[in-house]
Amino acid sequence: MALTAAVSVPAAVTPLRRLSSSTRASRVVSAAAMAAAKTAVQPAVVVGGGRVGQALLSMGPPGADVLVGRGEKVPEDAPGPILVCTRNDDLDTVLEATPRSRWRDLVFFQNGMLDPWFESKGLVDANQVLAYFAVSKLGELPVDGITDTNPEGLTAAFGNWAPAVAARLQNGGLTCKVLKKEAFQKQMLEKLIWISAFMLVGARHPGATVGVVEKEYRSEVASLIAELASAAAEERGFTFDAGIEERLCAYSRAVAHFPTAVKEFKWRNGWFYSLSEKALAQGKPDPCPLHTAWLKEIKVI
Numbered sequence: 001m002a003l004t005a006a007v008s009v010p011a012a013v014t015p016l017r018r019l020s021s022s023t024r025a026s027r028v029v030s031a032a033a034m035a036a037a038k039t040a041v042q043p044a045v046v047v048g049g050g051r052v053g054q055a056l057l058s059m060g061p062p063g064a065d066v067l068v069g070r071g072e073k074v075p076e077d078a079p080g081p082i083l084v085c086t087r088n089d090d091l092d093t094v095l096e097a098t099p100r101s102r103w104r105d106l107v108f109f110q111n112g113m114l115d116p117w118f119e120s121k122g123l124v125d126a127n128q129v130l131a132y133f134a135v136s137k138l139g140e141l142p143v144d145g146i147t148d149t150n151p152e153g154l155t156a157a158f159g160n161w162a163p164a165v166a167a168r169l170q171n172g173g174l175t176c177k178v179l180k181k182e183a184f185q186k187q188m189l190e191k192l193i194w195i196s197a198f199m200l201v202g203a204r205h206p207g208a209t210v211g212v213v214e215k216e217y218r219s220e221v222a223s224l225i226a227e228l229a230s231a232a233a234e235e236r237g238f239t240f241d242a243g244i245e246e247r248l249c250a251y252s253r254a255v256a257h258f259p260t261a262v263k264e265f266k267w268r269n270g271w272f273y274s275l276s277e278k279a280l281a282q283g284k285p286d287p288c289p290l291h292t293a294w295l296k297e298i299k300v301i
């Protein structure tokens, strides 16, 4: 049975510290001023005027960015990268609204495993960002995703526009690493495992926040992380860095108040379920049996 439903999470997930508004603002302004003094930020097109899109606009050169809203065309002659901050299910529409000559300039901020979609559109080396920062409300300052295991920050960018994206985020007081493709793929899959594992375990325990899952159902989520990491590593032919469980649990402690919910698994858990479907169709053992069983338990397959 094809998977039709996904974990519902925002494009950028709320991170670690909760500072007072005045302290947070002073730190962000100070960091932004320091970054601006070091690195010029390139103008960009921002697709999507929600919380993340507006935050990215605030980090750019004043008056130089172009905002593209729902149903609007991406201009062919606007300079710089095209920062795509829409929902995953709007990506086809965004691509249709973008001149083909500008496809190489698209930078995707979406969560989930987008590789199958990229491949279907001829965007194999598309620019991507793993956004471990959050904007709680429209117009609020973004808060960085820093954990006790990764004090250097977790946000990462890949592609020809990655340095420009990193400069923009640093101008807003956020951290951002520029990674090569394999390193980025590993980190992308780690975030996919985090979403898939914590949201699914949370769905088994209605009302549980991410922090409750990490604290009270650690054994369940640890088993799922190990299974999904093994399946992803086998599929991609690489090995995750040691300590994946602790890294993902540290991030969960940083976002302890974040809710868990199941709506549409298409873009997140759907990739792991597709591995199960493929293996079973070939007469092989399910590489994610626990994942499959729990999806059946909560009746999304």
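Numbering-wise (the numbering used here), the sequence shown opens with residue 1 and increments by one.
Even for Gly, the Cβ is constructed at its ideal location relative to N, Cα and C.
Residue i versus residue j - alpha carbon distance
i, j, result
"Ala-293", "Ala-64", "51 Å"
"Lys-38", "Trp-161", "Confidence at Lys-38 is low in this model, with a pLDDT of 46, below 50, so its placement is unreliable and the value that follows should be read with caution. About 18 Å."
"Leu-57", "Arg-247", "30 Å"
"Ala-231", "Asp-115", "16 Å"
"Glu-96", "Gly-145", "32 Å"
"Thr-86", "Gly-71", "12 Å"
"Asp-286", "Lys-296", "14 Å"
"Thr-260", "Ala-208", "6 Å"
"Cys-288", "Glu-140", "39 Å"
"Gln-282", "Glu-235", "15 Å"
"Ile-301", "Phe-272", "13 Å"
"Trp-194", "Ile-225", "7 Å"
"Leu-123", "Val-129", "15 Å"
"Phe-240", "Phe-184", "12 Å"
"Glu-152", "Gln-187", "14 Å"
"Val-308", "Thr-149", "The requested residue 308 is not part of the displayed model; the chain covers only 1 to 301."
"Val-165", "Thr-98", "19 Å"
"Lys-299", "Ala-55", "37 Å"
"Gly-50", "Asp-89", "15 Å"
"Arg-104", "Ser-219", "43 Å"
"Thr-155", "Cys-249", "16 Å"
"Lys-278", "Lys-121", "22 Å"
"Leu-169", "Phe-133", "10 Å"
"Val-94", "Phe-108", "11 Å"
"Glu-182", "Asp-125", "11 Å"
"Ile-82", "Lys-284", "42 Å"
"Asp-92", "Trp-117", "9 Å"
"Leu-229", "Asp-77", "Contrary to the premise, residue 229 reads as Ala rather than Leu in this sequence. Distance between the alpha carbons of Ala-229 and Asp-77 is about 42 Å."
"Leu-67", "Leu-280", "46 Å"
"Gly-237", "Pro-62", "44 Å"
Bridge partner(s) assigned by DSSP for residue i
i, result
"Asn-171", "Looking at the DSSP assignment, Asn-171 forms no beta bridge with any residue, so it has no partner."
"Asn-127", "Val-107"
"Ala-156", "Leu-130 and Lys-177"
"Val-47", "Val-68 and Val-84"
Inter-residue CB distance, residue i and residue j (contact presumed, cutoff 8 Å)
i, j, result
"Arg-253", "Glu-190", "Not really, about 16 Å apart at Cβ, beyond 8 Å."
"Gly-172", "Asn-127", "At roughly 18 Å, the Cβ-Cβ gap does not stay under 8 Å, so Gly-172 and Asn-127 are not in contact."
"Val-290", "Ser-196", "Looking at the sequence provided, one finds Leu at residue 290 rather than Val. At roughly 11 Å, the Cβ-Cβ gap does not stay under 8 Å, so Leu-290 and Ser-196 are not in contact."
"Gly-80", "Pro-43", "5 Å"
"Leu-47", "Gly-60", "Sequence inspection shows Val at residue 47; the Leu mentioned does not correspond to that position. The pair is not a contact, with the Cβ atoms about 14 Å apart (cut-off 8 Å)."
"Val-210", "Val-143", "Contact flag wrong, Cβ pair sits at about 15 Å."
"Gly-112", "Leu-192", "6 Å"
"Val-52", "Ala-131", "7 Å"
"Leu-106", "Val-84", "6 Å"
"Tyr-217", "Thr-147", "Their Cβ separation, rounded to whole angstroms, is 19 Å, which puts Tyr-217 and Thr-147 out of contact at 8 Å."
"Val-74", "Arg-102", "6 Å"
DSSP three-state assignment for residue i, whether helix, strand or coil
i, result
"Val-259", "As written in the sequence, residue 259 is Pro, which differs from the Val given in the question. Three-state DSSP puts Pro-259 in a strand."
"Asn-111", "coil"
"Asp-241", "coil"
"Asp-65", "coil"
"Leu-83", "strand"
"Asp-372", "Missing from the structure shown is residue 372; the chain here goes from 1 to 301 and no further."
"Val-135", "coil"
"Thr-98", "coil"
"Thr-209", "strand"
"Ala-279", "helix"
"Val-41", "coil"
"Lys-180", "coil"
"Val-52", "helix"
"Val-143", "strand"
"Ile-225", "helix"
"Ala-78", "coil"
"Lys-299", "coil"
"Trp-161", "coil"
"Gly-202", "helix"
"Thr-149", "coil"
"Cys-249", "helix"
"Arg-24", "A caution first: Arg-24 carries a pLDDT of 40, below 50, which makes its placement in the model unreliable, though a value can still be read off. Helix, per DSSP."
"Gly-122", "coil"
"Met-378", "As shown, the chain starts at 1 and ends at 301. That puts residue 378 outside it, with no answer to give."
"Lys-191", "helix"
"Lys-215", "helix"
"Lys-284", "coil"
"Lys-186", "helix"
Beta carbon proximity, residue i to chain C, threshold 8 Å
i, result
"Gly-283", "In the structure shown, chain C cannot be found, because there is only a single protein chain."
Exercise. Taking contact to mean at least 3 C-beta pairs separated by less than 8 Å, is the region 195-211 in contact with the region 161-177?
Worked result: No, the region 195-211 does not touch the region 161-177.
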